[in-house]
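In what follows, a structure is listed as structure tokens, so that the remarks can point back to it.
Residue numbers (the numbering used here): 597 to 894.
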């Protein structure tokens, strides 16, 4: 702290972690910094001091790096407003924005200037919301914006907000990955307006992944339920082929540890285990109905 630097032995080691798409493309890997225990302890001490100082700076729309908020609160707060608007007959568009390597391209000089402005911090977490009239929600750099499109006034407001976000990104020397920014058109009679971010027209999808959940344009979560059911059934099939012991003392802990771990997600959905057999029975007595008993079915 006194010398304003980090000893070499405490420096982090960067390792690439594969995300998706082609493994031959370097851009499809996420760099992860592995740091030592003393450095992690120091970071937590500083984080506690900074967090207590910055409570008044972070907007309510930010659900990351904030005590009491999470991925789940982000989804509930945002889609509660969206579903209420759709239920009363409004047509909405959701614009999912994707920054291009935000934590690597952020300007350190601008960050230091904003640190001095507030005596500590005035970074992108706050001033991104300035002037925005539509519903804006953030989880770290994952940002989404929803606005009404059934009136000309609503479309104009959404366009102005997109222009403000583009202006903010340029001002802070950051870029949107516009190929990955997508629009989700909600409601049956949605006019499907074409939206632009800067000079680029944004594409649209019928299904979009929001954080850890697949959201479709019908808002019934059918795509998410199907994906989770497929993952759970795949694990059940693997267990059925490789585990010969059918005692409930064995099958119940295994199911809780492996099969149901994929069912956990940040959305409340009905139980999806329909193809299952009674715990304690062999596969020849397994049933394919959706009867529920007091025992965990597998």
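Ideal Cβ placement from N, Cα and C applies to all residues, glycine included. Please read these numbers as outputs of a predicted model, since none were measured by experiment.
- Around the beta-carbon of residue 828, 16 or more other beta-carbon atoms lie within 10 Å, marking it buried.
- In the DSSP assignment, the residues bridged to residue 800 are 779.
- By the criterion of at least three beta-carbon pairs nearer than 8 Å, the region 637 to 647 is not in contact with the region 622 to 629.
- Excluding its 5 nearest sequence neighbours in each direction, residue 662 has C-beta neighbours in its own chain below 7 Å: 654, listed in chain order.
- DSSP places residue 792 in the strand class (E or B) of the three-state scheme.
- In the DSSP assignment, residue 740 falls within the unbroken beta strand (DSSP E) covering 738 to 744.
- In the DSSP assignment, residue 678 falls within the unbroken alpha helix (DSSP H) covering 667 to 683.
- If you check the CB distance, residue 687 and residue 607 do not come in under 9 Å.
- Between residue 659 and residue 669 the beta-carbon gap is near 5 Å, inside 8 Å, which marks them as a contact.
- Burial state of residue 777 is buried, judged by a 10 Å Cβ sphere holding 16 or more other Cβ atoms.
- Distance from the Cα of residue 680 is smallest, within the candidate group 630, 761, 706, 783, for 783.
- DSSP places residue 610 within a strand segment (E or B) once states are collapsed to three.
- For residue 626, the enclosing beta strand (DSSP E) has its first and last residue at 625 to 630.
- Contact annotation: the region 836 to 844 does not touch the region 804 to 819, with fewer than three C-beta pairs closer than 8 Å.
- CA-to-CA, the gap between residue 674 and residue 732 works out to about 8 Å.
- Beyond the five residues adjoining it in sequence on each side, residue 678 comes within less than 8 Å, by CB distance, of 688, 690, 731, 742, 782, 815 in the same chain, given in chain order.
- Residue state for residue 615 is assigned as coil, using DSSP reduced to three classes.
- Among the bridge pairs identified by DSSP, residue 734 is matched with 658, 739.
- In the three-state scheme derived from DSSP, where H, G and I count as helix and E and B as strand, residue 769 is classed as coil.
- In the displayed model, residue 690 falls within a strand according to three-state DSSP.
- By the CB criterion at 9 Å, residue 771 and residue 699 fall outside the cutoff.
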